[in-house]
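Taking it in order: structure first as structure tokens, then the write-up.
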Amino acid sequence: MKQTWEKTTEQIAQVFREIKEQKPLIQMLPNTVSAALCADGLSALGARPLMAVDAREMQEIAEQSDASVVNLGQLNQEKMKAAEQLLKYAAGFGKPLVLDPVGCGASHFRLHEVQKLLALPWKGIVKGNCSELYSIQQNQLTREGIDAVEKRELSLKIPEGRLYFVTGQTDYMIWDGRKQELIRPCEIRKKNRYNIVGSGCLAGAVTGACCSVTVRQRQEQAYALAVWAASLGMAYALEQAGRASGYGSAKTVLLDGLSHLAEPHFKEWLLQ
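One point on numbering: in the numbering used here, the residue at position 178 of the sequence shown is 179, and numbering is uninterrupted.
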């Protein structure tokens, strides 16, 4: 087990080193509440963020980007048009895709529109909490806002070519009829002590950056490796932020933590 984990640890650490070296261009259809934090977080990793919101530019930007992230917070009809165009063109260009169905269990409008996007032909990652993904699978509202309050079991049956990145106290992923918790041998629990607004959206942005380099190299199970790296990278950064003296400084420490993921002490942290 130890030898296997050491190999996995090196793969995860390598993801963040490659982001620093390759500086991938990450296109994001953002949520305005969290857009600045996501852009700063991508820059801290070494990626180049490009926030785009108009449907008329999605084809051009998707073509030049290394990965695309669709965040559906503050959803409206104009944003839906842009999301549909982005998924269409990014899939056509074979670019990595991450969809974050923010609060889709909160209203019939959100859930209906998210189901329309999921019905489109694209492959990639759907990143959300258990409440959001349960709403998608059962096609019913949970009415928990953007949070996951109750414990729910998700089906392991998901569409071919998709991977579910389920965020929570302990993250896990579902793909190919399997479920795997994303933890170290000495189990960690994410510490978001200050409940930083936008940290969930940031996890989606980090996932986009990670899959931009894993897919580029055509590694086996590239999306699974990207999700594992994003989960543990965020866990590390949130742990650092939890030691800050207050909410404002916690956001700064969170970004500093992301900027350190390509350095040796992140790998040392993984091996503790």
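No residue lacks a Cβ here, since even glycine has one placed at the ideal position from N, Cα and C.
Determine the burial state of residue 166: buried for a count of at least 16 other Cβ atoms within 10 Å of its Cβ, exposed for fewer. Mapped onto the sequence shown, residue 166 falls at position 165. Buried, since its Cβ has 16 or more Cβ neighbours within 10 Å.
Notebook entry, point to check: To which residues of the same chain is residue 142 closer than 8 Å at the C-beta, ignoring the five residues directly before and after it?
Noted result: Indexing the sequence shown from 1 puts residue 142 at position 141. Correct list, in chain order: 106, 107, 108, 109, 112, 136.
| 8 Å contact criterion, which residue 45 and residue 212 should meet: CB distance rounded | Counting from one through the sequence shown, the residue named residue 45 turns up at place 44. Counting from one through the sequence shown, the residue named residue 212 turns up at place 211. Actually they are not in contact, since the Cβ atoms of residue 45 and residue 212 sit about 17 Å apart, beyond 8 Å.
Does the segment 239-257 touch the segment 49-58, meaning 3 or more C-beta pairs lie closer than 8 Å? The segment 49-58 and the segment 239-257 do not touch, with fewer than 3 CB-CB distances between them shorter than 8 Å.
Which whole-angstrom value describes the C-beta separation of residue 47 and residue 20, a residue pair presumed to lie in contact below a C-beta threshold of 8 Å?
-> Working through the sequence shown from its first residue, we reach residue 47 at position 46. Working through the sequence shown from its first residue, we reach residue 20 at position 19. So it is a contact: roughly 5 Å between Cβ atoms.
### Query
For residue 249, which three-state DSSP category applies?
Here residue 249 corresponds to residue number 248 of the sequence shown, with the count starting at 1. Here residue 249 sits in helix by DSSP.
- Item | Nearest-angstrom beta carbon gap, residue 164 and residue 236 [assumed within contact, 8 Å] | Indexing the sequence shown from 1 puts residue 236 at position 235. Indexing the sequence shown from 1 puts residue 164 at position 163. Not quite, the Cβ-Cβ distance comes to about 19 Å (not below 8 Å), so this is no contact.
### Task
Would you tell me roughly how many angstroms separate the C-alpha atoms of residue 114 and residue 223, rounded to the nearest one?
By 1-based counting over the sequence shown, the position of residue 114 is 113. By 1-based counting over the sequence shown, the position of residue 223 is 222. In a straight line, the C-alpha of residue 114 is about 28 Å away from that of residue 223.
For residue 18, collect the residues of the same chain with a Cβ closer than 8 Å to its Cβ; drop the 5 residues on either side in sequence, then sort them by chain order.
By 1-based counting over the sequence shown, the position of residue 18 is 17. Here the set comprises 263.
| request: Inspect the beta-carbon positions of residue 77 and residue 31 and report whether they are closer than 9 Å. | output: For the purposes of this step, residue 77 is identified with residue 76 of the sequence shown, where counting begins at 1. For the purposes of this step, residue 31 is identified with residue 30 of the sequence shown, where counting begins at 1. No. Outside cutoff.
Review point. Between which two residues does the beta strand (DSSP E) harbouring residue 70 extend?
Key: The count along the sequence shown starts at 1 and reaches residue 70 at position 69. Following the DSSP letters along the chain, one finds residue 70 inside the beta strand (DSSP E) bounded by residues 68-72.
Please list the terminal residues of the continuous beta strand (DSSP E) segment that includes residue 176.
For the purposes of this step, residue 176 is identified with residue 175 of the sequence shown, where counting begins at 1. From DSSP, the beta strand (DSSP E) with residue 176 extends over 173-176.
Return helix, strand or coil for residue 4, following the three-state DSSP convention. Here residue 4 is taken as the residue at index 3 of the sequence shown, counted from 1. For residue 4, the predicted structure reports a pLDDT of 49, less than 50, and the residue's modelled location is therefore unreliable. The matter cannot be settled from this model.
Secondary structure at residue 237, three-state DSSP: helix, strand or coil? Locating residue 237 in the sequence shown gives position 236, where the first residue counts as 1. Three-state result, residue 237: helix.
Evaluate residue 101 with the Cβ neighbour count: other Cβ atoms within 10 Å of its Cβ, from every protein chain shown; 16 or more gives buried, anything less gives exposed.
Residue 101 sits at position 100 when you count from the first residue of the sequence shown. So residue 101 counts as buried.
What does DSSP give as the partner residues of residue 111 in its beta bridges? Indexing the sequence shown from 1 puts residue 111 at position 110. According to DSSP, which records beta bridges pairwise, residue 111 is partnered with nothing at all.
Q) Roughly how many angstroms lie between the CA atoms of residue 95 and residue 49, to the nearest whole one? A) Translated into positions along the sequence shown, residue 95 becomes position 94. Translated into positions along the sequence shown, residue 49 becomes position 48. Distance between the alpha carbons of residue 95 and residue 49: 19 Å.
Measuring CA to CA, which of 215, 60, 202, 197 is closest to residue 241?
Within the sequence shown, the letter at position 240 stands for residue 241. Considering only 215, 60, 202, 197, the residue with the shortest C-alpha distance to residue 241 is 197.
Practice prompt. Starting from residue 143, follow its DSSP beta bridges and name the residues at the other end.
Written response: Numbered from its first residue, the sequence shown carries residue 143 at position 142. Residue pairing by DSSP leaves residue 143 without any beta bridge partner.
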